[in-house]
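Protein chains in written order, with this note's numbering: chain A, 1 to 117; chain B, 1 to 113. Here's the structure we're looking at; comments come further down.
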Amino acid sequence: GAVVSQHPSWVICKSGTSVKIECRSLDFQATTMFWYRQFPKQSLMLMATSNEGSKATYEQGVEKDKFLINHASLTLSTLTVTSAHPEDSSFYICSATGTSGGTDEQYFGPGTRLTVT
Amino acid sequence: AQSVAQPEDQVNVAEGNPLTVKCTYSVSGNPYLFWYVQYPNRGLQFLLKYITGDNLVKGSYGFEAEFNKSQTSFHLKKPSALVSDSALYFCAVMGGSARQLTFGSGTQLTVLP
Numbered sequence: 001g002a003v004v005s006q007h008p009s010w011v012i013c014k015s016g017t018s019v020k021i022e023c024r025s026l027d028f029q030a031t032t033m034f035w036y037r038q039f040p041k042q043s044l045m046l047m048a049t050s051n052e053g054s055k056a057t058y059e060q061g062v063e064k065d066k067f068l069i070n071h072a073s074l075t076l077s078t079l080t081v082t083s084a085h086p087e088d089s090s091f092y093i094c095s096a097t098g099t100s101g102g103t104d105e106q107y108f109g110p111g112t113r114l115t116v117t
Numbered sequence: 001a002q003s004v005a006q007p008e009d010q011v012n013v014a015e016g017n018p019l020t021v022k023c024t025y026s027v028s029g030n031p032y033l034f035w036y037v038q039y040p041n042r043g044l045q046f047l048l049k050y051i052t053g054d055n056l057v058k059g060s061y062g063f064e065a066e067f068n069k070s071q072t073s074f075h076l077k078k079p080s081a082l083v084s085d086s087a088l089y090f091c092a093v094m095g096g097s098a099r100q101l102t103f104g105s106g107t108q109l110t111v112l113p
């Protein structure tokens, strides 16, 4: 149980276009979802926290107009990278907490590799 | 503010030998501590966690970790390393009202055959 999926697993896009990444909790209701960014050989940096039905809370230094997060249902959150640039190329990972296993554990998706050319 | 330190970027160990990956933390209040493993181009896999109770926590794949409150440490251990244990390991602490995880910088473990 407690499986989180991400789609797509990898995406290549041209500079200036927008890309949407989906994060789904498959077998539990995710009341809170987290979005992380990871550069090669580095740690995960929290970008934002989203609760179902409310606006996301962004970490300091993360542009909310560039990284649009929507958590419209208890099983789906999306991250849209708007007007992507090569420096946005990274590994994006989501996680979720909710009704499975209590709120003291986050379940991670497999990640999405974004390459902006 | 909470923080996690993993002092070793790289740990090398021979197969069959015991391994230790170090982690120290700083958090106000009682710590919720986690270890995760990441294989190349993959998300994080949960290994184990300490919330309360016994200081020695047993987790997946034969890993265990010892919580030491006086030293604010939560080192990951395994009695006998496997080549397949080679991966990137992250220690994390949870805190805040949103139950956010703060990760250490990661330790690349290489088990040599």
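Where is the CB? At the ideal position from N, CA and C, for every residue including glycine. All figures in this text were calculated on a predicted structure; none of them were measured in a lab.
Tell me the DSSP bridge mates of SER5/A? Position 5 of the first sequence, counted from the start, is the residue given in the question as residue 5/A. Note: SER5/A sits in a beta bridge opposite ARG24/A.
Contacting positions in the region 43-57 of chain B - beta carbon closer than 8 Å to chain A: Within the region 43-57 of chain B, the residues whose Cβ lies closer than 8 Å to some Cβ of chain A are GLY43, LEU44, GLN45, PHE46, LYS49, ILE51, listed in chain order.
Which word fits VAL39/B, buried or exposed, when buried means at least 16 other C-beta atoms lie within 10 angstroms of its C-beta? Translated into the one-based positions of the second sequence, residue 39/B becomes position 39. A quick correction: the sequence has Tyr, not Val, at residue 39/B. With fewer than 16 other Cβ atoms within 10 Å, it is exposed.
Is the region 63-71 of chain B touching the region 1-13 of chain B in the sense that three or more CB pairs, one from each, lie closer than 8 Å? no
Please list, in chain order, all residues of the same chain as SER28/B whose beta carbon is under 8 Å from its beta carbon, the five residues on each side excluded. Looking up residue 28/B in the second sequence gives position 28. Excluding residues within five positions, the ones whose Cβ falls inside 8 Å are GLN2, GLY95.
Under 7 Å by beta carbon: chain B residues contacting SER77/A: Translated into the one-based positions of the first sequence, residue 77/A becomes position 77. Those within 7 Å of SER77/A in chain B number zero; the least Cβ separation is about 14 Å.
Nearest to THR49/A by alpha carbon, out of LYS41/A, ARG37/A, PRO86/A? Position 49 of the first sequence, counting from 1, holds the residue named residue 49/A. Among LYS41/A, ARG37/A, PRO86/A, the Cα nearest to that of THR49/A is on ARG37/A.
Validate contact between the region 54-64 of chain A and the region 36-54 of chain B using beta carbons, cut 8 Å, 3 pairs: Too few Cβ pairs lie closer than 8 Å, so no.
Which value, in whole angstroms, describes the spacing of the CA atoms of PRO18/B and THR107/B? Residue mapping note: residue 18/B aligns to position 18 of the second sequence, counting from 1. Residue mapping note: residue 107/B aligns to position 107 of the second sequence, counting from 1. Answer to the nearest angstrom: the Cα atoms are 16 Å apart.
Could you check how far apart the C-beta atoms of LEU112/B and ASN12/B are, in whole angstroms? I think they sit under 8 Å. Within the second sequence, the letter at position 112 stands for residue 112/B. Within the second sequence, the letter at position 12 stands for residue 12/B. So it is a contact: roughly 6 Å between Cβ atoms.
In whole angstroms, what is the alpha-carbon distance linking ALA81/B and TRP35/A? Against the second sequence, residue 81/B aligns to sequence position 81. Against the first sequence, residue 35/A aligns to sequence position 35. Each residue's Cα considered, the two are about 32 Å apart.
In three-state DSSP terms, what is GLY62/B? Translated into positions along the second sequence, residue 62/B becomes position 62. Of the three classes helix, strand and coil, the one that applies to GLY62/B here is helix, per DSSP.
Helix, strand or coil at SER84/B according to DSSP, with G and I counted as helix: On the second sequence, position 84 is the one that residue 84/B refers to. Residue state, collapsed to three classes: helix.
By the criterion of Cβ-Cβ separation under 7 Å, what are the contact partners of LEU101/B in chain D? The structure shown contains no chain D; its protein chains are A and B.
Closer than 8 Å to chain B by CB, THR103/A: The residue given as residue 103/A occupies position 103 in the first sequence. Model confidence at THR103/A stands at a pLDDT of 48, short of 50, so the residue's coordinates are unreliable and nothing is read from them.
Could you pull out every residue in the same chain whose Cβ sits closer than 6 Å to the Cβ of VAL60/B, ignoring the five residues on either side in sequence? As a working note, residue 60/B is residue 60 in the second sequence. It is Ser, not Val, that sits at residue 60/B in the sequence shown. These residues qualify, in order along the chain: LEU47.
Residues of its chain near ALA14/B, where Cβ-Cβ distance is below 7 Å and the 5 sequence neighbours each way are ignored: Residue numbering aside, residue 14/B sits at position 14 when the second sequence is read from its first letter. Within the same chain, LEU112 come within 7 Å of ALA14/B by CB-CB distance, once the 5 residues on both sides are set aside.
Using only alpha-carbon positions, find the residue among MET47/A, ASN51/A, GLU52/A that is nearest to GLN60/A. Within the first sequence, numbered from 1, the residue matching residue 60/A stands at position 60. With distances taken between Cα atoms, GLN60/A lies closest to MET47/A.
Would you say GLY106/B faces chain A, with C-beta separation under 8 Å as the test? As a working note, residue 106/B is residue 106 in the second sequence. Closer than 8 Å: yes.
With a CB to CB cut of under 7 Å and the five nearest residues on each side skipped, what residues in its chain are close to THR103/A? Working through the first sequence from its first residue, we reach residue 103/A at position 103. Its pLDDT being 48, under 50, THR103/A is placed unreliably by the model, and the measurement read from it follows with that caveat. THR97, listed in sequence order.
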